[in-house]
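Number of protein chains: 2
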Amino acid sequence: MAVIDLSKRDAPANDLRQFLDTVCDTHELDYAAYAGVNPIAQTVHGFVNYPDEWQQLYVDQNFQHRDPTLLAASRSIAPVDWKRLHREESFDTIFHAAHDFGISKQGLTIPVRGPYGDIGLFSVTRDCSEREWQLLKSSILSELQAAAVHLHDHVVQSHDMVRRLTHPALSQRETDVLQWIAAGKTQQDVGDILAISSRTVEVHLRSSRTKLGALTTAQAVGRAISLGLIHPG
Amino acid sequence: MAVIDLSKRDAPANDLRQFLDTVCDTHELDYAAYAGVNPIAQTVHGFVNYPDEWQQLYVDQNFQHRDPTLLAASRSIAPVDWKRLHREESFDTIFHAAHDFGISKQGLTIPVRGPYGDIGLFSVTRDCSEREWQLLKSSILSELQAAAVHLHDHVVQSHDMVRRLTHPALSQRETDVLQWIAAGKTQQDVGDILAISSRTVEVHLRSSRTKLGALTTAQAVGRAISLGLIHPG
DNA sequence: CATTCTATTAGGGAAATCCCTTACCCTGCC
DNA sequence: GGCAGGGTAAGGGATTTCCCTAATAGAATG
Chain A
3 MAVIDLSKRD APANDLRQFL DTVCDTHELD YAAYAGVNPI AQTVHGFVNY
53 PDEWQQLYVD QNFQHRDPTL LAASRSIAPV DWKRLHREES FDTIFHAAHD
103 FGISKQGLTI PVRGPYGDIG LFSVTRDCSE REWQLLKSSI LSELQAAAVH
153 LHDHVVQSHD MVRRLTHPAL SQRETDVLQW IAAGKTQQDV GDILAISSRT
203 VEVHLRSSRT KLGALTTAQA VGRAISLGLI HPG
Chain B
3 MAVIDLSKRD APANDLRQFL DTVCDTHELD YAAYAGVNPI AQTVHGFVNY
53 PDEWQQLYVD QNFQHRDPTL LAASRSIAPV DWKRLHREES FDTIFHAAHD
103 FGISKQGLTI PVRGPYGDIG LFSVTRDCSE REWQLLKSSI LSELQAAAVH
153 LHDHVVQSHD MVRRLTHPAL SQRETDVLQW IAAGKTQQDV GDILAISSRT
203 VEVHLRSSRT KLGALTTAQA VGRAISLGLI HPG
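Line order of the protein sequences matches chains A and B.
Position 57 of the first sequence, counting from 1, maps to 59 under our numbering, and the rest follow consecutively.
Position 139 of the second sequence, counting from 1, maps to 141 under our numbering, and the rest follow consecutively.
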């Protein structure tokens with residue numbers, strides 16, 4: 003098994019980048035990429051070994067917000083073969099450009115989730131015939147999945163992402179209020195239930211929205227549910 | 003939290019039970035177990051190939067609430083070797099009892115998370131020397147991780163199907179609107195995005211609420227997310 | 001011990017949502 | 001054909017939410 007134990011190293015970006023290279027070398031892959039999604043800050047941190055020019059374009063164009071491989075994988079449990087996305091319009095938009103940099107349309111993305119809503123997305127590509135790709139995939143998929151878990155675990159352990167997420171911390175009152183709102187109560191209802199003014203309820207809601215990075219209460223409810231902070235009512 | 007034995011309810015569970023047996027046979031393991039945690043319904047769905055008597059005791063004693071292997075794994079990204087838990091008091095409490103049924107203290111639990119807060123916990127055990135265990139573990143870990151993902155994906159897929167069948171579908175427009183609302187847009191924003199009046203957006207929202215049995219849009223968003231009809235924004 | 005930060009409480013006024021109603025176009029059923 | 005039902009679209013007016021401001025208490029920091 004060709005998994006480097008990153009946890010035994012001081013590993014900022016260089017080691018992660020090197021880990022991607024090692025994965026590619028040992029598994030006959032062209033490129034590998036890791037993207038860590040922080041759902042609260044709405045940020046994506048990535049490490050890739052794609053050509054610098056493609057990397058630059060990708061970032062400049064904000065592709066991470068509409069990359070169908072990332073979107074599909076972030077909604078899936080199992081690995082997503084990009085073949086499933088070939089029909090989608092947005093796929094062509096991005097991979098037509100990627101092709102100019104020698105990046106294949108053949109690849110897959112493996113999602114890994116942590117306990118605080120954090121998502122790691124590990125992608126690899128390989129330019130070859132479809133039959134070769136299927137053979138390669140089936141022979142290395144489980145090792146890639148293990149590598150993805152390893153990678154995401156390591157990034158979350160070392161990155162400050164975890165510190166914000168492990169203290170996701172809605173206060174008791176904020177959780178109470180949001181839970182009742184998710185249960186379909188109005189602010190006035192919640193005020194009556196909790197024996198406080200509806201204006202106070204609104205303040206708790208506002209600070210909940212701020213902490214969750216949500217623009218509206220509806221978004222905050224959705225996010226809190228997906229983070230396991232409250233339950234759907 | 004109730005434990006539901008899938009093997010006595012759903013038909014496909016027999017396949018899953020058989021899958022556990024296969025994993026044990028091909029990887030020289032004693033026992034395997036899967037527990038699916040549904041944070042919304044507050045239930046644990048499990049199937050195992052442990053001895054029936056142990057299963058019975060486990061359920062009767064509500065061990066799922068304090069089983070340290072499940073607790074540790076549900077907070078971890080990477081697989082948890084039970085060795086790490088041997089010091090804990092709660093571990094002895096349960097595994098002293100388990101030992102009477104021929105279940106080893108040597109094992110590991112692999113967590114897998116889905117996009118809606120759902121967690122799958124896949125555990126395997128093997129009674130052997132520690133050195134043998136380490137060797138076995140390193141040789142099959144990645145395959146076990148892949149198996150865990152496969153299991154959880156399979157379980158969630160079949161449950162989703164059930165939920166989708168018993169719940170009314172939202173129309174395309176309703177889904178569009180609700181998805182944008184969940185992404186933090188206002189009704190006016192959504193109207194601009196979809197090139198319709200904000201009043202029309204409101205009508206779609208209202209019929210979404212009606213169909214989902216929700217009193218407010220926030221509740222509808224929460225419910226739609228938990229039903230997998232839209233994604234958290 | 002002063003200071004800063006967060007949690008909790010709340011009011012006035014602007015902004016957005018929500019309810020009721022109308023309208024048109026489909027699709028399916030008697 | 002006629003008609004019921006659902007999807008889509010929209011306006012007027014009542015209700016609710018949201019933003020700004022502000023006070024108090026307790027915990028953490030220096």
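Glycine residues also receive a C-beta, built at the ideal position from the N, C-alpha and C atoms.
Small disclaimer: the values here were computed from a predicted structure and weren't measured.
Quiz item: Grouping DSSP H, G and I as helix and E and B as strand, with all else coil, what is Phe-65(B)?
Solution: helix
Quiz item: Hey, is Pro-70(B)'s beta-carbon within less than 9 Å of any beta-carbon in chain A?
Solution: no
Quiz item: Is it right to say Asn-51(A) is buried, meaning 16 or more other beta carbons lie within 10 angstroms of its own, or is it exposed?
Solution: buried
Practice problem: Scan the segment 200-226 of chain B for residues whose Cβ lies nearer than 7 Å to a Cβ of chain A and list them as they occur along the chain. | Solution: Ala-216, Leu-217, Thr-218, Thr-219, Ala-220, Gln-221, Val-223, Gly-224, Arg-225
Quiz prompt | Ser-200(B) (DSSP reduced to helix, strand or coil) | solution = helix
Exercise. Measuring alpha carbon to alpha carbon, tell me which of Lys-139(A), Thr-28(A), His-156(A) ends up nearest Lys-85(A).
Key: Lys-139(A)
Practice problem: Closer than 7 Å by beta-carbon distance: list the chain B residues that pair up with Ile-183(A), in chain order. | Solution: Ala-220
Practice problem: Put Tyr-60(B) into one of helix, strand or coil per three-state DSSP. | Solution: helix
Practice problem: Please list the residues of the segment 94-126 of chain A that have a C-beta atom closer than 9 Å to any C-beta atom in chain B, keeping them in chain order. | Solution: Ile-112, Pro-113, Val-114, Arg-115, Gly-116, Pro-117, Gly-119, Asp-120, Ile-121, Gly-122
Quiz item: Quick one: does the C-beta of Arg-128(B) sit closer than 8 Å to a heavy atom of the ligand PLP?
Solution: Ligands displayed in this structure: none; no statement on the ligand PLP is therefore possible.
Exercise. For chain A, find out if any of its Cβ atoms is closer than 9 Å to the Cβ of Arg-77(B); answer yes or no.
Key: yes
Quiz item: Can you tell which of Ser-106(B), Gly-116(B), Leu-143(B) has the C-alpha that lies nearest to the C-alpha of Glu-132(B)?
Solution: Ser-106(B)
Quiz item: Counting Cβ pairs closer than 8 Å, one from the segment 14-33 of chain B and one from the segment 63-73 of chain B, do we hit at least three?
Solution: no
Quiz prompt | CB contact flag (Leu-123(B), Tyr-36(B), <9 Å) | solution = yes
Quiz prompt | Asn-51(A) (DSSP reduced to helix, strand or coil) | solution = coil
Quiz item: Near Ile-142(A), which residues of its chain fall below 6 Å by C-beta distance, leaving aside the five closest residues on each side in sequence?
Solution: His-29
Quiz item: Whose CA, out of Arg-211(A), Trp-182(A), Leu-207(A), Asp-194(A), lies closest to the CA of Pro-234(A)?
Solution: Trp-182(A)
Self-check item: Own chain residues within Cβ distance below 7 Å of Gln-221(B), not counting five before or after
Solution: none
Quiz item: Out of curiosity, what's the CA-to-CA distance linking Ile-112(A) and Ala-75(A)?
Solution: 6 Å
Quiz prompt | Cβ-Cβ separation, Gly-48(B) to Val-157(B) (assumed contact under 8 Å), whole Å | solution = Actually they do not touch by this definition, with Cβ atoms about 10 Å apart.
Quiz prompt | Spatially closest choice to Leu-73(B) from Ser-125(B), Thr-212(B), Leu-231(B), by CA coordinates | solution = Ser-125(B)
Exercise. Use the C-beta contact count for Val-203(A): other C-beta atoms within 10 angstroms, 16 or more gives buried, fewer gives exposed.
Key: buried
Exercise. Could you spell out where the beta strand (DSSP E) holding Gly-122(A) opens and where it closes?
Key: 121-127
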